[in-house]
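Asker:
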Amino acid sequence: MSDALSGPICESCWGAIRFITPPVCHGCGDPLPSWRALSCEAARCARCRRTSRAIARGRAIGEYDGALRQIIHAFKYDGRRSLAGRLGRLMRESSGNLLDGVDWVVPVPLHPKRERARGFNQAAELAKTLDLPVCSPLVRIRQTMSQVDLPAARRHANVRGAFRLARPHPWLAPFTSGRSNLSNAIVVLVDDVSTTGATLEACARVLKDAGVREVRALTGARVVRREPTTRQRSA
1 MSDALSGPIC ESCWGAIRFI TPPVCHGCGD PLPSWRALSC EAARCARCRR
51 TSRAIARGRA IGEYDGALRQ IIHAFKYDGR RSLAGRLGRL MRESSGNLLD
101 GVDWVVPVPL HPKRERARGF NQAAELAKTL DLPVCSPLVR IRQTMSQVDL
151 PAARRHANVR GAFRLARPHP WLAPFTSGRS NLSNAIVVLV DDVSTTGATL
201 EACARVLKDA GVREVRALTG ARVVRREPTT RQRSA
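Residues in the sequence shown are numbered from 1 upward in steps of one, following my numbering.
Set out below in structure tokens:
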């Protein structure tokens with residue numbers, strides 16, 4: 001893996017990504033063990049079957065570890081914005097039919113202070129690569145701690161009330177285009193990483209309250225929670 005000053009990511013690092021491959025949960029996109037590999041499209045993991053989620057379907061390139069984690073860190077924290085193009089291509093290739101019928105791609109917003117400090121919103125950079133209409137109807141109104149730094153139990157509370165619809169001021173028009181067209185739309189939320197999915201869920205609930213018909217999610221990586229195999233369950 002090259003550092004921020006020594007050139008592009010090498011092919012061996014791109015080749016070391018651990019892709020999430022079928023069978024996957026039709027809801028969150030986590031891998032399913034073979035005993036859950038049903039022939040129907042509605043195969044869902046235990047967590048998605050027992051919880052009510054605002055996001056209908058989710059997909060990611062791969063697991064948030066190893067080479068993919070390093071690439072995303074280089075993109076996000078080292079200012080390597082040129083990595084968005086290849087990450088976006090891998091997101092499209094990993095999406096299956098998730099992008100079919102989508103009306104809008106919506107990047108997860110950063111708080112303005114964090115975006116100024118970083119110089120860009122990594123989710124917005126990825127959203128631009130998907131060859132679909134992009135709109136930014138959401139704003140983050142409260143600066144939150146990084147979800148990665150928090151235990152799972154605190155992540156939903158951390159982002160509760162952190163997002164709302166952007167107010168339709170004229171000077172915001174270039175950044176909130178499509179806001180009035182959310183009613184009955186199919187939207188895909190885009191972010192670099194999903195840990196527990198709390199941030200995506202918080203954004204999705206605001207969009208659903210605004211009249212969006214269906215919210216999907218596409219991320220560069222996700223923290224995977226695996227279901228036990230038959231042997232592990234019987235041990």
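Just so you know, even glycine gets a beta-carbon here, dropped at the ideal spot from N, CA and C.
Measure the CB-CB distance between ASP192 and ALA124 and report whether it falls below 8 Å.
Answerer: no
Asker: Name the two residues that bound the continuous beta strand (DSSP E) containing ILE72.
Answerer: Looking at the DSSP string, ILE72 is not in any beta strand (DSSP E); the run it does join, the alpha helix (DSSP H), is 66-77.
Asker: Suppose the cutoff is 7 Å on Cβ atoms and the five residues either side in sequence are ignored; what does the same chain contact list for GLU93 look like?
Answerer: If we look at GLU93 and ignore the five residues flanking it on each side, it has no Cβ neighbours.
Asker: For TYR77, which residues of its own chain have a beta-carbon under 7 Å away from its beta-carbon, when the five flanking residues on both sides are left out?
Answerer: none
Asker: For ALA201, which residues from the same chain have a beta carbon less than 7 Å from its beta carbon, with the 5 sequence-adjacent residues on both sides left out?
Answerer: The amino acid at residue 201 is misidentified as Ala; the sequence shows Glu. So the list reads ARG53, ALA54, ILE55, once near-sequence residues are dropped.
Asker: Taking only three categories from DSSP, how would you classify ARG140?
Answerer: If DSSP states are grouped into helix, strand and coil, ARG140 belongs with the strands.
Asker: If you reduce the DSSP assignment to three classes, tell me which class PHE175 lands in.
Answerer: Note that PHE175 scores a pLDDT of 46, beneath 50, so its modelled location is shaky; the value from the coordinates is reported in the next line. Correct three-state label for PHE175: helix.
Asker: Could you spell out the range, first to last residue, of the beta strand (DSSP E) harbouring PRO107?
Answerer: 104-107
Asker: Starting from THR199 and walking both ways along the beta strand (DSSP E), at which residues does that stretch end?
Answerer: First-last for THR199: 198-209, but that is the alpha helix (DSSP H), not the beta strand (DSSP E).
Asker: Can you find the residues in the same chain that come closer than 8 Å, C-beta to C-beta, to SER95, ignoring five residues on each side of it along the sequence?
Answerer: Hits under 8 Å: ARG59, LEU218.
Asker: Here's the rule: buried if 16 or more other CB atoms are within 10 angstroms of the residue's CB, otherwise exposed. What is GLY15?
Answerer: Label assigned to GLY15: exposed.
Asker: Look up LEU99 in the DSSP assignment and say whether it is helix, strand or coil.
Answerer: coil
Asker: Since I believe ASN121 is in contact with PRO107 (beta carbons under 8 Å), could you give me their beta-carbon distance rounded to a whole number of angstroms?
Answerer: 6 Å
Asker: What do you get for ARG74, buried or exposed, if any count of 16 or more other CB atoms within 10 angstroms of its CB means buried?
Answerer: Here the sequence assigns Ala to residue 74, which means Arg is not the residue at that position. The residue is buried, with at least 16 neighbouring Cβ atoms inside 10 Å.
Asker: Alpha carbons only, please: which of TRP104, ILE9, GLU63 is nearest the one belonging to LEU138?
Answerer: Nearest of TRP104, ILE9, GLU63 to LEU138, Cα basis: TRP104.
Asker: Please check the pair GLN70 and CYS13, which I expect to be a contact at CB under 8 Å, by giving their CB distance rounded to whole angstroms.
Answerer: 7 Å
Asker: How is VAL224 classed by DSSP in three states: helix, strand or coil?
Answerer: coil
Asker: GLY101 to GLY66, Cα distance in whole Å?
Answerer: 33 Å
Asker: Counting along the chain, where does the alpha helix (DSSP H) carrying LEU90 start and finish?
Answerer: 83-94
Asker: From which residue to which residue does the alpha helix (DSSP H) around ARG50 run?
Answerer: 46-50
Asker: What does a CB cutoff of less than 7 Å around ARG44 pick up in its chain, not counting 5 residues either side in sequence?
Answerer: CYS25, HIS26, GLY27
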